[in-house]
Structures are given as structure tokens and as C-alpha cells.
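S.K.: One structure, as C-alpha cells, below. Some questions next.
2 protein chains.
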Amino acid sequence: MATTIRDVAKEAGVSAATVSRVLNNSGYAHEDTRKAVLDAIQKLNYRPNEVARSLYKQKSKLIGLILPDITNPFFPALARGVEDYLREHGYRLIIGNSDEQLEQEIDYLDTFAQHNVVGIVASINEPHSDMLSDLNVPIVLLDRTVEELPAVYADQFEGGRLAAEKMLERGSKEITIIRGPIEVRPVYQRFVSSFQVLRQAGVKVHVFDSKLSFEGASKSASSLFEFYPNTDGILACNDIVAVAMMNEAQRTGRKVPEDVQIIGFDDISISELVYPGLSTIRQPAYEMGEKAAEILLKKINQQVLDDLHCQLPVQFIERQSTRKVGE
Amino acid sequence: MATTIRDVAKEAGVSAATVSRVLNNSGYAHEDTRKAVLDAIQKLNYRPNEVARSLYKQKSKLIGLILPDITNPFFPALARGVEDYLREHGYRLIIGNSDEQLEQEIDYLDTFAQHNVVGIVASINEPHSDMLSDLNVPIVLLDRTVEELPAVYADQFEGGRLAAEKMLERGSKEITIIRGPIEVRPVYQRFVSSFQVLRQAGVKVHVFDSKLSFEGASKSASSLFEFYPNTDGILACNDIVAVAMMNEAQRTGRKVPEDVQIIGFDDISISELVYPGLSTIRQPAYEMGEKAAEILLKKINQQVLDDLHCQLPVQFIERQSTRKVGE
DNA sequence: CTCCTACCTGGAACCGGTTACACACATCAT
DNA sequence: ATGATGTGTGTAACCGGTTCCAGGTAGGAG
Numbered sequence: 001m002a003t004t005i006r007d008v009a010k011e012a013g014v015s016a017a018t019v020s021r022v023l024n025n026s027g028y029a030h031e032d033t034r035k036a037v038l039d040a041i042q043k044l045n046y047r048p049n050e051v052a053r054s055l056y057k058q059k060s061k062l063i064g065l066i067l068p069d070i071t072n073p074f075f076p077a078l079a080r081g082v083e084d085y086l087r088e089h090g091y092r093l094i095i096g097n098s099d100e101q102l103e104q105e106i107d108y109l110d111t112f113a114q115h116n117v118v119g120i121v122a123s124i125n126e127p128h129s130d131m132l133s134d135l136n137v138p139i140v141l142l143d144r145t146v147e148e149l150p151a152v153y154a155d156q157f158e159g160g161r162l163a164a165e166k167m168l169e170r171g172s173k174e175i176t177i178i179r180g181p182i183e184v185r186p187v188y189q190r191f192v193s194s195f196q197v198l199r200q201a202g203v204k205v206h207v208f209d210s211k212l213s214f215e216g217a218s219k220s221a222s223s224l225f226e227f228y229p230n231t232d233g234i235l236a237c238n239d240i241v242a243v244a245m246m247n248e249a250q251r252t253g254r255k256v257p258e259d260v261q262i263i264g265f266d267d268i269s270i271s272e273l274v275y276p277g278l279s280t281i282r283q284p285a286y287e288m289g290e291k292a293a294e295i296l297l298k299k300i301n302q303q304v305l306d307d308l309h310c311q312l313p314v315q316f317i318e319r320q321s322t323r324k325v326g327e
Numbered sequence: 001m002a003t004t005i006r007d008v009a010k011e012a013g014v015s016a017a018t019v020s021r022v023l024n025n026s027g028y029a030h031e032d033t034r035k036a037v038l039d040a041i042q043k044l045n046y047r048p049n050e051v052a053r054s055l056y057k058q059k060s061k062l063i064g065l066i067l068p069d070i071t072n073p074f075f076p077a078l079a080r081g082v083e084d085y086l087r088e089h090g091y092r093l094i095i096g097n098s099d100e101q102l103e104q105e106i107d108y109l110d111t112f113a114q115h116n117v118v119g120i121v122a123s124i125n126e127p128h129s130d131m132l133s134d135l136n137v138p139i140v141l142l143d144r145t146v147e148e149l150p151a152v153y154a155d156q157f158e159g160g161r162l163a164a165e166k167m168l169e170r171g172s173k174e175i176t177i178i179r180g181p182i183e184v185r186p187v188y189q190r191f192v193s194s195f196q197v198l199r200q201a202g203v204k205v206h207v208f209d210s211k212l213s214f215e216g217a218s219k220s221a222s223s224l225f226e227f228y229p230n231t232d233g234i235l236a237c238n239d240i241v242a243v244a245m246m247n248e249a250q251r252t253g254r255k256v257p258e259d260v261q262i263i264g265f266d267d268i269s270i271s272e273l274v275y276p277g278l279s280t281i282r283q284p285a286y287e288m289g290e291k292a293a294e295i296l297l298k299k300i301n302q303q304v305l306d307d308l309h310c311q312l313p314v315q316f317i318e319r320q321s322t323r324k325v326g327e
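Have a look at this one:
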């Protein structure tokens with residue numbers, strides 16, 4: 001059905017080998033022949049079959065991307081960073097959501113291998129070391145780290161610290177940390193770091209658990225103030241949870257930031273739009289995605305990496321859910 | 001490097017053909033042989049190469065998905081619907097963001113073909129008819145329609161109508177419709193339908209333009225009340241824009257919903273979490289994605305479709321950005 | 001007039017699966 | 001005994017590219 005290289009060869013009156021050489025600018029090809037081939041390609045609207053190419057070369061133009069859940073607004077930003085960078089370099093993405101499930105991660109890793117992907121970007125907690133070395137394809141971790149693997153991530157400890165300090169500077173005395181699922185490493189790190197700072201400062205600290213998802217956030221928000229009615233500062237594990245808590249605060253008649261200050265984490269796009277604007281710790285998600293893609297390409301092209309791990313800075317974004325310093 | 005079918009064959013003491021037959025449960029295979037092959041597969045941890053398979057069969061297990069921008073929270077929900085359904089049936093997704101750009105749509109369509117995808121789900125405005133028939137692969141439109149192609153979408157006219165009616169029922173008298181980019185068909189349809197209802201009702205109507213993106217929404221929000229300070233009802237083209245407008249209303253000292261009522265469109269997850277909760281027209285995004293995937297698989301398996309177009313119902317979700325009826 | 005080299009091209013093998021076909025053997029009815 | 005039928009298996013061709021290698025021609029050097 002689709003036109004093949006041999007169709008083009010016939011049309012141009014040459015062999016398939018010659019067409020291939022013209023296509024790839026490899027080996028010799030007379031100028032006239034090249035012209036004829038190019039014309040034939042044009043005429044037949046020929047596009048080489050990547051599958052065939054991939055089979056022979058043992059490598060495709062495909063890169064696998066595993067994210068926990070694209071429905072969580074932090075991850076699409078990562079994904080676009082990865083995609084935009086890779087697209088420019090001729091690669092395409094096979095994408096999979098893992099829901100943080102080991103089984104699904106493995107499943108996708110498996111099928112990536114089956115499709116001869118040349119590289120993988122993944123937000124996964126387990127290194128899957130044997131498997132990864134088995135399939136022998138470069139991988140870059142995104143938003144996660146393990147010792148052995150290249151990784152791009154934002155400084156979670158600094159983020160946690162920053163959130164806690166800014167909260168203290170702004171005068172909250174009874175602070176509730178909304179802790180996300182501690183199996184998710186970066187989330188755990190934020191928590192530890194915030195907690196430590198608050199403890200040392202000697203303020204009253206509560207720890208309250210929540211899922212990271214919309215439903216989970218909503219559910220846990222509804223009982224926060226029953227447990228800790230005197231909370232005057234909230235450190236949320238991500239912006240979604242922060243928005244949910246902010247809602248609950250306002251719903252229960254508390255003023256933000258006068259009665260309760262709130263700081264989120266991530267700086268997803270919506271955080272700027274909600275009212276009051278959400279103060280948060282920004283992770284440069286899009287840039288992280290780009291950087292991961294860049295590093296992956298370097299590995300694919302056998303270039304040496306300056307550093308295995310690339311830690312990007314976080315940043316406190318001051319909006320209206322916190323008071324001005326000194327007020 | 002990776003183990004091939006011939007490695008397995010050697011290990012099991014049979015030919016590659018036999019292994020293939022066992023693998024695919026096609027043709028005959030003695031029980032003992034089958035056992036030996038299965039053992040060898042296990043032992044060598046063999047996974048068949050999808051690329052080779054795909055080359056011979058002229059069809060892969062890959063499906064292409066084109067979305068305008070996964071960074072817009074409406075689309076990840078669609079994407080997960082598609083992915084979850086397809087994954088269960090053994091298919092994987094190649095994904096691409098088009099930014100509503102014709103050029104990028106074509107580019108992705110092209111590379112999908114090069115990778116022997118067996119089907120495509122796409123949110124695109126142009127039918128690309130010649131191209132699509134060229135590449136001879138079933139396609140299902142998602143959140144978009146053209147006459148000739150199968151499509152899954154929500155009833156935009158009904159949505160627009162509903163939003164307008166609910167706003168009128170709740171007593172707003174000077175209503176501003178925030179109109180999105182009219183090149184995007186569903187967005188245009190919402191607008192037309194709302195506009196028509198409001199006009200007929202004889203209330204004062206303003207039309208104010210905005211992009212659908214976060215930045216665009218933020219930008220246009222900032223001048224809304226300079227243009228139409230007496231607006232007491234806002235019909236937004238999507239929830240992001242609605243949230244931005246709600247922010248601006250509150251920022252300028254207006255109470256929501258007492259002074260200004262706001263209705264969004266989409267019902268993205270965050271709409272439930274913002275304060276006040278955003279009343280909106282719900283599109284069942286996840287279900288739309290699933291449905292599109294289901295229809296695509298039917299087409300792939302040559303089953304007949306009951307209907308070319310599948311229109312899903314929209315629904316008014318009443319939260320706190322609108323007043324109770326009669327107040 | 002050789003010989004060497006650079007240029008140009010096609011045949012064939014290969015990547016790793018699938019499948020058409022041929023062949024071998026056993027069983028059973030005639 | 002004869003052949004039809006059903007099992008079980010291997011050989012080889014094929015999918016559509018890429019690349020190795022061999023062979024042919026032309027031009028320049030010796």
C-alpha cells in the first residue's frame with residue numbers, strides 16, 4: 001500500500017541501495033542520480049518506514065516516558081519540556097502513566113524495550129536496576145533520584161526548608177504540615193526538611209496526612225480544622241493540596257492570609273490564578289523536562305556527562321496566601 | 001544482545017517457526033514441544049521484538065494521540081481515558097502536542113504513519129482528509145468533529161445554552177461572555193449558543209476575548225472590569241479562564257457570587273477545590289477519552305459502528321460561584 | 001600503456017519476527 | 001494395502017529498510 005524504497009528505486013531507475021544512500025547522505029551518489037531519486041521521492045510522496053529502519057539498526061527514534069499521573073498538573077509541564085526538546089531532535093515519545101505502581105512501571109519498561117526505544121525518561125522511585133541494565137538503554141530519572149542513575153530534579157530539601165522559613169518569618173506560630181505519601185521520595189524529603197526547620201524554631205507543629213490527588217486533597221481538607229482548629233500556617237505537600245486547604249480555610253470562615261497562611265509546593269500554573277494567589281515553592285518543571293531530555297540525548301550520543309545528577313534550584317514565589325514580612 | 005526467537009528455538013531444540021506458533025497459539029504444536037518452548041522462553045526471559053513483528057504484519061501495537069496542549073488540564077483527563085482503555089487491550093500510545101498548529105498536526109500524522117500505528121485519536125480542527133485517507137489508518141476525533149470522521153465530543157451547544165440559562169435563572173442582568181479563540185470549534189460553539197440565549201432573553205451582553213491558556217487568561221482578566229465594570233455575571237470559555245476571572249472579581253472587591261456570578265466550562269479537577277467552588281458545565285473528559293478509544297478499537301477490528309458520531313451529554317455542576325436559584 | 005585511486009552503483013545479506021508450504025508420521029476407514 | 005485426514009515440524013521467503021562488498025568506469029600519475 002504505502003510506497004517503499006523499492007518503488008522509489010524503480011521510479012528513479014536505480015537500486016534500493018542507491019536510494020538509501022541518497023536518503024542518508026552516506027557513500028557516493030552522482031549528482032544526477034541524487035536528483036532523480038529526490039524527484040522520485042517527491043513524486044511518490046515517499047516517507048521511509050521507521051519500523052524497518054529501526055529493525056535493522058536496532059534502534060528507533062522513539063523514547064519512552066513514564067510519569068506517575070499526567071492528570072496531576074505538575075507532570076504535564078515536565079512532559080512538555082521533554083517532548084518539545086526531543087521533538088526538535090527528531091525523536092518521538094511513547095508515554096505511560098504508572099500511578100506510582102511498580103507493576104505498571106515494569107510493564108512499560110518492558111514494552112519500551114520491545115519497541116527498541118533508544119532512551120527512557122522516567123519518574124520512578126525504584127531503580128529497577130537489573131531490568132534497566134538488561135534492556136541496555138540509557139535512562140534519565142526525572143523528579144526522582146537514585147544514586148547510580150542520571151537524574152534531574154529540584155532541590156527538595158531546600159524547598160522544604162524555604163517553605164518553613166518563609167512561614168516562620170511571616171509569623172505563624174502553630175503550623176500544620178500536610179504530609180503527602182512518604183513512599184514518594186521528593187515528597188518525603190520536603191516534609192523532613194520542613195519539619196526539621198519548624199522543630200528547631202520551637203513552634204507548635206502538627207503533621208496531617210493527605211494524598212496528592214484532587215480527590216485525596218479534598219477529602220483530607222475537610223477534616224483538617226477539626227483536628228487542628230488553631231492552625232495559623234499550612235505547609236502543603238503540593239499546590240493541589242494547598243488549594244484544597246485554602247478552600248477549607250475560607251469555607252470555615254478563616255481569612256487567608258490574616259488568620260491562616262498557606263504555602264504550597266510546585267508552582268503549577270493554576271496557583272497564580274486562584275484567589276488569593278498561592279504562595280509556593282516553585283519547581284522549574286518545564287526546564288526540568290528539557291534538561292532531562294538534553295541529558296538523555298547526550299547519553300544516547302555517547303557524550304560524557306559533566307555530572308550524573310542535575311539539581312535545579314527551587315524558589316519561593318510570594319503571592320497573597322502569605323502575609324508580607326513583618327506584618 | 002537481546003534474546004531473539006532463534007535463541008529460544010536453539011535452547012528448546014526446535015525451529016523458530018515452532019516457537020512462533022507456540023507464542024501465537026497458531027497452528028499445531030505438540031504438548032511436549034510447547035512445554036519446552038515455554039520453558040526456554042522463561043529461562044531466557046524472552047520478549048518478542050515488537051518492531052520485527054510490526055514490520056512483517058504491517059501493523060504495530062501503537063496508537064497515535066494528538067492533543068493541542070497537555071498542559072491545559074482538560075486534555076490530560078482525555079489522554080488518561082484513552083490510555084487506560086487502550087493499555088488494557090495491549091496498545092501503547094505515541095503522543096504529540098500540536099498547539100493547534102496545522103504544521104505540527106501534519107508532522108505527527110506523518111511520523112505516526114512511519115511507525116505503522118494502527119489507529120489515531122486526535123483533537124484537531126482540520127480533517128486533513130487526503131492525508132488521512134493516504135495513510136489509511138482509522139482515526140477517531142476527540143473533542144472535535146468533522147462530518148466525515150468518527151468523533152467523540154460533548155454537546156457544546158447544549159453546554160453553552162445551559163450555562164446561559166442557569167446564569168439567567170440566577171438573576172444576572174449584565175452578563176459578560178468570555179469568548180475563547182473562535183478557530184477552535186467547540187469553543188466557538190459554546191459561545192454562539194450562550195450568546196444566542198442571552199440575546200433572546202434581552203439582558204445586557206458583553207463579549208470579551210481571551211486565550212484559553214493560563215497566561216492568556218491572566219492577562220485578559222486584568223482588564224475585564226475596566227471594560228465592563230457593571231458585569232454581574234460571567235460566562236467563561238473554560239474553567240481556567242473562569243478561575244482567572246473569579247480571582248479578578250475578588251481582587252477588585254467584588255463578592256462571588258453575590259456581586260458577580262461565574263460559570264466555567266469543562267469541570268477540570270481544580271474547579272472543585274478553588275474557593276468559592278466553581279459552578280461549571282461539565283464535560284465528561286475521561287469518559288470521552290475511553291469512548292474514543294473504544295470506538296477506535298472497533299474500527300481497528302473492522303467492527304461496524306452504530307453511529308459515526310458519539311455525542312456525550314454535558315451537565316451543569318452547581319457549586320458556590322453562582323447563587324442558589326431564587327436568591 | 002599500465003596501474004592506482006576515486007567515484008558510482010547494484011546484488012545480496014541482514015535485522016527478528018511470521019507464515020506458506022512441503023514433508024513426515026500416525027491413525028483410521030475402505 | 002491404500003489413501004485420506006489430522007498432527008507436528010522445519011525450510012525458506014517475506015516485511016522495508018541498511019550496509020558490506022564486489023565490479024565497473026574515468027582520470028591522473030608514472
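Sequences listed follow chains A and B, in order. In terms of full-length UniProt numbering, the first sequence opens at residue 1 and continues consecutively. In terms of full-length UniProt numbering, the second sequence opens at residue 1 and continues consecutively. Ideal placement from N, C-alpha and C gives every residue a C-beta, glycine not left out.
(1) Go ahead and label B/A17 buried or exposed: buried means 16 or more other beta carbons lie within 10 angstroms of its beta carbon, across all protein chains shown.
(2) Shorter than 7 Å from the beta carbon of A/V274 to some beta carbon of chain B?
(3) Per DSSP, B/C310 is paired with what?
(4) So who's on the other strand from A/L67, going by DSSP bridges?
(5) Can you pull the chain A residues whose beta carbon is under 9 Å from the beta carbon of B/H89, in chain order?
(6) What does A/H206 pair with, by DSSP beta-bridge criteria?
(7) Any contact of the region 188 to 196 of chain B with the region 216 to 223 of chain B, i.e. 3+ C-beta pairs under 8 Å?
(8) Curious, which full-length alpha helix (DSSP H) runs of at least 4 residues does the region 112 to 168 of chain B contain?
(9) Which of the residues in the region 100 to 118 of chain A, read from start to end, lie with their CB under 7 Å from any CB of chain B?
(10) Helix, strand or coil: how does DSSP classify A/D259 here?
(11) Helix, strand or coil: which one does DSSP assign to A/D266?
(12) From the DSSP secondary-structure annotation, give me the bridge partner or partners of A/G280.
(13) Taking B/F214 as the query, report the chain A residues whose CB atoms sit under 8 Å from its CB, ordered along the chain.
(14) Alpha carbons only, please: which of A/V197, A/L162, A/A36, A/G233 is nearest the one belonging to A/K255?
(15) Excluding the 5 residues preceding and the 5 following B/P76 in the sequence, name in chain order all residues of the same chain whose CB lies nearer than 8 Å to its CB.
(16) B/I300 and B/V118: beta carbons closer than 7 Å?
(17) Check this for me: beta carbons of B/K57 and B/G90, under 7 Å apart or not?
(18) Ordered along the chain, which non-local residues of its own chain (more than five positions away) have a Cβ less than 8 Å from that of A/I270?
(19) Helix or strand or just coil, what does DSSP make of B/Y92?
(20) In or out: B/R199 buried (at least 16 other Cβ within 10 Å) or exposed?
(21) Please report the distance separating the alpha-carbon of B/T252 from that of B/M245.
(22) Run through DSSP, which three-state label would B/L235 get?
(23) At a CB-CB cut-off below 7 Å, which residues of chain A make contact with B/R80?
(24) Taking the alpha helix (DSSP H) that A/R53 belongs to, which residues open and close that run?
(25) Does the beta carbon of B/L296 sit closer than 7 Å to a beta carbon anywhere in chain A?
(26) Of the residues that make up the region 189 to 220 of chain A, which ones have a beta carbon closer than 7 Å to any beta carbon in chain B?
(27) When the Cα of B/E237 is compared with those of B/D84, B/R161, B/N125, B/T111, which residue comes out closest?
(28) Check this for me: beta carbons of A/R185 and A/N125, under 7 Å apart or not?
(29) Determine the closest residue to A/T176 out of A/V146, A/S15, A/R319, A/E226, with distance taken between C-alpha atoms.
(30) Nearest to B/S279 by alpha carbon, out of B/L65, B/G159, B/I5?
(31) Between which residues of its own chain and B/Q320 is the CB-CB distance below 6 Å, once the five residues before and five after are set aside?
(32) At the level of alpha carbons, what is the spacing between A/D39 and B/S129?
(33) Note down the Cα distance separating A/S15 from A/K43, rounded to an integer number of angstroms.
(34) Is it true that the CB of B/S123 sits closer than 7 Å to the CB of B/P181?
(35) Where does the unbroken alpha helix (DSSP H) through A/E272 begin, and where does it stop?
(36) Which word fits A/G289, buried or exposed, when buried means at least 16 other C-beta atoms lie within 10 angstroms of its C-beta?
M.R.: Short version:
(1) exposed
(2) yes
(3) B/V152
(4) A/N97
(5) Those within 9 Å of B/H89 in chain A number zero; the least Cβ separation is about 13 Å.
(6) A/T176.
(7) Short answer: they don't touch.
(8) 129 to 135
(9) D110, T111, A113, Q114, H115, N116
(10) coil
(11) strand
(12) The question names Gly, but residue 280 of chain A in the sequence shown is Thr. Looking at the DSSP assignment, A/T280 forms a beta bridge with A/G264, A/I317.
(13) S269, I270, E272, L273
(14) Ranked by Cα distance from A/K255, the options A/V197, A/L162, A/A36, A/G233 are led by A/G233.
(15) I70
(16) yes
(17) no
(18) P73, D239, V243
(19) It should be pointed out that residue 92 of chain B corresponds to Arg in this sequence rather than to Tyr. Correct three-state label for B/R92: strand.
(20) exposed
(21) 11 Å
(22) Looking at B/L235 - three-state DSSP - the assignment turns out to be strand.
(23) I70, T71, N97
(24) Here the alpha helix (DSSP H) through A/R53 covers 50 to 57.
(25) Residue-level contact check: B/L296 does not touch chain A, since none of the beta carbons of chain A fall below 7 Å from its beta carbon.
(26) F214, A217, S218
(27) A quick correction: the sequence has Cys, not Glu, at residue 237 of chain B. B/C237 has its Cα closest to that of B/R161, out of B/D84, B/R161, B/N125, B/T111.
(28) yes
(29) The residue with the shortest Cα to Cα distance from A/T176 is A/E226.
(30) The shortest C-alpha to C-alpha distance from B/S279 to any of B/L65, B/G159, B/I5 is the one to B/G159.
(31) P276, G277
(32) As the crow flies, the alpha-carbon of A/D39 is around 24 Å from that of B/S129.
(33) Approximately 17 Å between the Cα atoms of the pair.
(34) no
(35) No alpha helix (DSSP H) contains A/E272, which DSSP labels as neither H nor E.
(36) If you draw a 10 Å sphere on the C-beta of A/G289, you find 16 or more other C-beta atoms in it, and that means buried.
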